[in-house]
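Student:
There are 2 protein chains.
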Amino acid sequence: MVNETQQTCSASSSSKSDGGSSSGSESSKDSSRCSTPVLDTDRHERLRDKMRRRQDSGDKWFSLEFFPPRTANAAVNLISRFDRMGAGGPLFIDVTWHPAGDPGSDKETSSMIIANTAVNYCGLETILHMTCCNQTKDDITGHLQKAKRLGLKNIMALRGDPVGEEWEEEVDGFNYAVDLVKHIRNEFDEYFDICVAGYPKGHPEAESYEADLRHLKEKVFAGADFVITQLFFSSACVTGMSEKGLGKTKIPCILIQGYHSLRQLVKLSKLEVPQEIKDVIEPIKDNDAAIRNYGVELAVSMCRELLDSGMVHGLHFYTLNREVATTEVLKRLGIWNEDPRRPLPWAVSAHPKRRVEDVRPIFWASRPKSYIYRTQEWDDFPNGRWGNSSSPAFGELKDYYLFYLKSKSPREELLKMWGEELTGEESVFEVFTCYITGEPNKNGHKVTCMPWNDDPLATETNLLKEQLEKVNRRGILTINSQPNINGKPSTDPIVGWGPSGGYVFQKAYLEFFTSSEIVTALLKVLKKYDLRVNYHIVNVKGQNITNAPDLQPNAVTWGIFPGREIIQPTVVDPVSFLSWKDEAFALWIEQWAKLYEEESPSRMIIQYIHDNYYLVNLVDNDFPLENCLWQVVDDTFELLN
Amino acid sequence: MVNETQQTCSASSSSKSDGGSSSGSESSKDSSRCSTPVLDTDRHERLRDKMRRRQDSGDKWFSLEFFPPRTANAAVNLISRFDRMGAGGPLFIDVTWHPAGDPGSDKETSSMIIANTAVNYCGLETILHMTCCNQTKDDITGHLQKAKRLGLKNIMALRGDPVGEEWEEEVDGFNYAVDLVKHIRNEFDEYFDICVAGYPKGHPEAESYEADLRHLKEKVFAGADFVITQLFFSSACVTGMSEKGLGKTKIPCILIQGYHSLRQLVKLSKLEVPQEIKDVIEPIKDNDAAIRNYGVELAVSMCRELLDSGMVHGLHFYTLNREVATTEVLKRLGIWNEDPRRPLPWAVSAHPKRRVEDVRPIFWASRPKSYIYRTQEWDDFPNGRWGNSSSPAFGELKDYYLFYLKSKSPREELLKMWGEELTGEESVFEVFTCYITGEPNKNGHKVTCMPWNDDPLATETNLLKEQLEKVNRRGILTINSQPNINGKPSTDPIVGWGPSGGYVFQKAYLEFFTSSEIVTALLKVLKKYDLRVNYHIVNVKGQNITNAPDLQPNAVTWGIFPGREIIQPTVVDPVSFLSWKDEAFALWIEQWAKLYEEESPSRMIIQYIHDNYYLVNLVDNDFPLENCLWQVVDDTFELLN
């Protein structure tokens, strides 16, 4: 009946295993246990361990392959796609490497930067491909060092296609993927997880299938952690390969795309398309929809066969940077995560340094990528208690057009939404009101984004819609808010987060720009609310009025879970509010005023608001009672009348 | 309307000001703000700052003077008195210093150790008296270093009475209190707050009142922070002195005791008792009650005069180690704190190192002094997140008779409560049941303490009385429990703690010893409760059964306050449970079995329980629902039937 249980702590053990990474957290080094509640095991595990865990639990998974885009605009769109497809719960994504496209550079379209964005800004576990053929050892080491610095943790080690027809092996050079695998293990020990390619039908250049299997074995013995297969057209190939057994996880690769992409890829990979597929495809090759439907059907049935075989635990999809067909297949297979559980109320970053991050200021709720950018140099992340951080200074955000922060809407569209010509402060009130209501503006355009929020209104904010509309109409220009919540289940589809079996709580929060006239009245009203409402009121010059005690953060979102410590992932932090204030005011100018000609009346209206309005935040501390912030605002308007 | 507010953080600024103290918390050094929510400003302030703050706010206060007891038993009683009188909210207590009594030694009756106990174990702000006359510089420095090491922060610098009639000033020696004040400031900079004595009527040895005032000024200029007056019999003296104004807080001193104590003290201090007082006292000098009543009346009226004068903000009471009269005066003056607000659910320690301590395991709830003792060597205290501590190892507790842990009841009384002769396990069940119900045992004795709890049942536990009685009767021998609480006001008289305006929460908790037969059934029942109930079940050999994830603590008490982060002061911590287990099992033997003869049947019954029972703790994670732990226990009994 009784046995001595020895328990290990996944957080601290994994922080040891990635030796090279500087987690920066003093405490985790000394402590005998996790220094942060492990709410989400995924955040603390290496990819190979996640894969093993999913394999052991019989939990099927998928992964998605993307290539680096050609233009900055395409990069912006790809990042949005990462966010959307990330919601379906891929175990990882991977980004391909094209030696001709300067893949290791700092360009926003390079493989390195796209992978960096996926990891750090979209929170996706990411494998960066890397080829070694025709490259110097120093170049390769440089790429790997950069990848590590950026927080990338997984490399797909490939040979790459030799340049020129007459390729010859270089002595002591990187001639095969196995050389790259060995190099990574030599230089970076166990820091990276290494993935290699397997060829279900044998590599096109290999003498024989057996020779190819031998090469694969060499790669595995050199230290590869798992194998992704090349594209194939029949599930039999993969299961056949699996039976040969290499003791490593093998992930078959799926493609569902149009005829031309297929032809291109087949050419590149020197694969042969089976005759029965050719027979179906040829007659419909100019009918994109038909090809797509056929591709989806074929993919679904092939994937089912693979998953049913029991040999395969995950499927890898060549998305060719497209979204619809892959998502459809995944949904039909039932492995798309329809109801992604949020581990925390905000999207976590996958950088190893941010593993312990479990608290953020509420201000950046709609601009998480900006928050990540401005805190990227922190050595240490607040863990549980905001005040514990030794890195409290926020980085500058001068370039409001960093590509992952760039609006998805072009200038013309923004002008349609926010007004070709503003006639006064009231026309600005109107824009805010339309954004809240979702109704078209007087020119018939819906306002789907704002400088402070590039996405339509959050579901949660919808709960407050009616009140928000009323106050925006009168010049309380809201940019962030949350309702109070007094212990809803952590599985609540709208406000829930964290593991199941818990309860989540919120204090009501309201943040807005408003005129000094309204602020004067508001301050009189706030006297009546004493301890109940905490406020911070600041203008662009930094004049700051607050009743907050000391410099202490106010926890506004927290959760109570079975067998855990309290998690308080969102705070109103007085110190970071002053950094946020700079960003929030600058967005008026950078994203809105600059749409108009200099000296134009429209621009001057925005400039006037920027110069004279206040940024206000209010917290109702009495979360079990009805939110009093609407009463505060009503009282303020009444006082003004 | 708008002004730029500069806020400071009392926690971090005060942690700087006591330079010498090693707080051990890495984070507070680097952080730009408080690393711990400042729930209770008092904990972070120096005595002189507390005094100033109370003076500024017009909030009257009192302080209590004690002398070191003569015997170890008297020390145990004095410690209990500290706990009871501490509840009334003295601003500080002070402990006198008698050079003849080895005041700096490690004896349990020394001034040093009594002051240490008051600070560390009773959480009282304490001033240690120290005299300098006829002592070497090295001795004095040694005493001061020891005081600092023990966490004492305040010294009352006195000359002390010269030994022998023919006292002469020593060249370069410590001839006057001012020499000691200078020495403390030279050697310890600003570490200590220094108090000096003032003589409302002039020092008995001073040439004149003016000369005496000059001496007082010297002491103040040398660095004294405040002045406590000598005993006096008329409030006019003090207000007169105050008018002379030295710019330092002056605290008048009050005595209300019997005739003999008075005569003794008057003799020592060479004071003159006013004729009108003598006239009243003489006729009633042999009637203790009358003297006491007169003393109380006189003290109350004098204190009222002083407080009403507006010159005096606090009153200092010579308790002569007695409790009743002083408490009565304080209550009649309305400055006894009738409803002490608890800053945290457990009594905090006043050691500067423990200033950041805001979380403890629930196991020691009834043995806080043992917890403090066993963690006294920690460099660092868990602050907010238990896992952040770098000092997780608990010190041994071998001596169960450390004087501040000693039972207030003598052996004979314990035997009456716990049974002169035990006839089986059932007679042990009976003892537990009587402790819960408060009913006398079969020999007519009430059971007011248990080895795990030296006090009668806590008010909070009373809420669970009925259920506790039922289960103890059947062999679930409870030693700790708390009900679930879903957001009661922080001002709730029974379960409230922390500043007002907040809400407190608890998960239901139950801890008990029980037989392996019951454990077997319990484990079957617990399967049904899955995530809802976390359990740890361990026997004396350390065989441990748990469903707790990893080594993470489970927060079981937490509070949400206006403008603050979440506070979670009590956890069920799996690691410390194993240290508690050793202590909890040892108490069977040390405090109970050893009451009986070796080899006696009674002793063997206790030994059997010690060797074979399990220590179980259960947490119901679903705090908003009705506590399910009673259902778990009922199901277990049902399964056994």
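Chains as they are written, first to last, in full-length UniProt numbering: chain A, 1 to 641; chain B, 1 to 641. Beta carbons: idealized from backbone N, C-alpha and C, even for Gly.
#1: In chain order, what residues of the same chain lie with their CB nearer than 6 Å to the CB of C628/A, ignoring the 5 residues before and after it?
#2: So if I threshold CB-CB distances at 8 Å, which residues from the segment 554-568 of chain A count as touching chain B?
#3: What does the alpha-carbon distance come out to for the pair T514/A and G475/A?
#4: Applying the 10 Å Cβ sphere with the 16-neighbour rule, what's the burial state of G419/A?
#5: Roughly how far, in whole angstroms, is the beta-carbon of A222/B from the beta-carbon of K182/B, given that I think they are within contact range, below 8 Å?
#6: Any heavy atom of the ligand FMN within a distance shorter than 8 Å of the CB on Y318/A?
#7: Would you list the residues sitting across from residue 673/B in a DSSP beta bridge?
#8: Along chain B, which residues have their Cβ under 9 Å away from the Cβ of G501/A?
#9: Taking the straight line between their C-alpha atoms, what separation do you get for F512/A and D358/A?
#10: Please list, in chain order, the chain A residues whose beta carbon lies closer than 7 Å to that of A584/B.
#11: Is DSSP giving L333/A helix, strand or coil here?
#12: Please report the distance separating the alpha-carbon of N73/A from that of G487/B.
#13: Give every residue of the same chain whose Cβ lies closer than 7 Å to the Cβ of W592/A, excluding the five residues on either side of it in the sequence, and list them in chain order.
#14: Using the Cα positions of W364/A and W580/A, report the straight-line distance between them to the nearest angstrom.
#15: For residue 670/A, which residues in the same chain have their Cβ closer than 6 Å to its Cβ, ignoring the five residues on either side in sequence?
#16: Whose Cβ in chain B lies nearer than 9 Å to the Cβ of G498/A?
#17: Taking 9 Å as the cut-off, decide whether the C-beta atoms of Q482/A and V556/A are in contact.
#18: With S600/A as the anchor, note down where its beta strand (DSSP E) starts and where it stops.
#19: Given N544/B, which residues of its chain have a CB within under 8 Å of its CB, disregarding the five upstream and five downstream residues?
#20: Which residue's Cα is closest to the Cα of A338/B: L330/B, L344/B and P345/B?
#21: May I have the straight-line CA-CA distance separating H129/B from E169/B, to the nearest angstrom?
#22: Considering only the beta carbon of each residue, do P624/A and Y503/B sit closer than 9 Å?
#23: Is there at least one Cβ from chain A nearer than 9 Å to residue 653/B's Cβ?
#24: At a Cβ threshold of 9 Å, is Q552/A touching chain B?
#25: If you measure between the beta carbons of R307/A and D193/A, is that distance less than 9 Å?
#26: Can you list, in chain order, the residues of its chain with a C-beta nearer than 6 Å to that of V178/A? Leave out the 5 residues immediately preceding and following it.
#27: Examine the Cβ distances between the segment 400-411 of chain B and the segment 419-438 of chain B and report whether three or more of them are shorter than 8 Å.
#28: Alpha carbon to alpha carbon, how far is Y209/A from K285/A?
#29: Figure out for me which residue from S516/A, N641/A, N554/A and I566/A has the closest Cα to the Cα of Y608/A.
#30: Could you check which residue in V571/A, D102/A and R53/A has the C-alpha nearest to that of R70/A?
#31: With a 10 Å radius around its C-beta and 16 neighbouring C-beta atoms as the bar for buried, classify I155/A as buried or exposed.
#32: Just mark I494/A as buried or exposed, buried being the case when its beta carbon has 16 or more other beta carbons within 10 Å.
#33: Does the beta-carbon of D105/A have 16 or more other beta-carbons within 10 angstroms, so that it is buried, or is it exposed?
#34: Keeping to the same chain, check which residues put their C-beta closer than 6 Å to that of G24/A; ignore five residues upstream and five downstream.
#35: Could you tell me which chain A residues have their CB closer than 8 Å to the CB of W386/B, listed as they occur along the chain?
#36: Assuming H129/B is part of the beta strand (DSSP E), what are its boundary residues?
Tutor: On the basis of the data shown:
#1: Non-local C-beta neighbours of C628/A in its own chain, meaning closer than 6 Å and more than five positions away in sequence, comprise D620, ordered along the chain.
#2: The segment 554-568 of chain A vs chain B, Cβ under 8 Å: N554, A555, W558, I560, F561, P562, G563, R564, E565, I566 and Q568.
#3: 6 Å
#4: buried
#5: 5 Å
#6: Within the structure as shown, the ligand FMN is missing, as the structure has no ligands at all.
#7: An answer regarding residue 673/B cannot be provided, because it is not within the stretch 1 to 641 covered by chain B.
#8: Annotation: Cβ neighbours of G501/A in chain B (cutoff 9 Å, chain order): D530, L531, R532, N621 and D622.
#9: 25 Å
#10: The contacting residues do not exist; A584/B stays about 18 Å from chain A at best.
#11: helix
#12: 50 Å
#13: W418, P451 and I606
#14: 8 Å
#15: The structure shown does not extend to residue 670/A, since chain A is modelled only from 1 through 641, so no value can be given for it.
#16: By Cβ distance, chain B contributes nothing, its closest Cβ being about 13 Å from G498/A, past 9 Å.
#17: yes
#18: Premise fails: S600/A is in no beta strand (DSSP E) and is neither H nor E.
#19: H536, I537, V538 and L578
#20: Note that residue 338/B is Glu in the sequence shown, not Ala. Cα-wise, what sits closest to E338/B is L330/B.
#21: Each residue's Cα considered, the two are about 21 Å apart.
#22: yes
#23: Nothing in the structure corresponds to residue 653/B, since chain B is present only between 1 and 641.
#24: Residue-level contact check: Q552/A touches chain B, since one or more beta carbons of chain B fall below 9 Å from its beta carbon.
#25: Here residue 307/A is Leu; the residue named in the question, Arg, does not match the sequence. Taking 9 Å as the Cβ cut-off, L307/A and D193/A do not qualify as a contacting pair.
#26: E218, K219 and A222
#27: no
#28: 31 Å
#29: S516/A
#30: D102/A
#31: buried
#32: exposed
#33: The displayed chain sequence assigns Ser, not Asp, to residue 105/A. The residue in question, S105/A, is exposed, as its Cβ has fewer than 16 Cβ neighbours within 10 Å.
#34: Only weak support exists for where G24/A lies, its pLDDT of 35 falling under 50; the value from the coordinates is given anyway. Apart from sequence neighbours up to five positions away, the residues of its chain that approach G24/A with a beta-carbon distance below 6 Å are D379 and D380, ordered along the chain.
#35: E565
#36: T126 to T131
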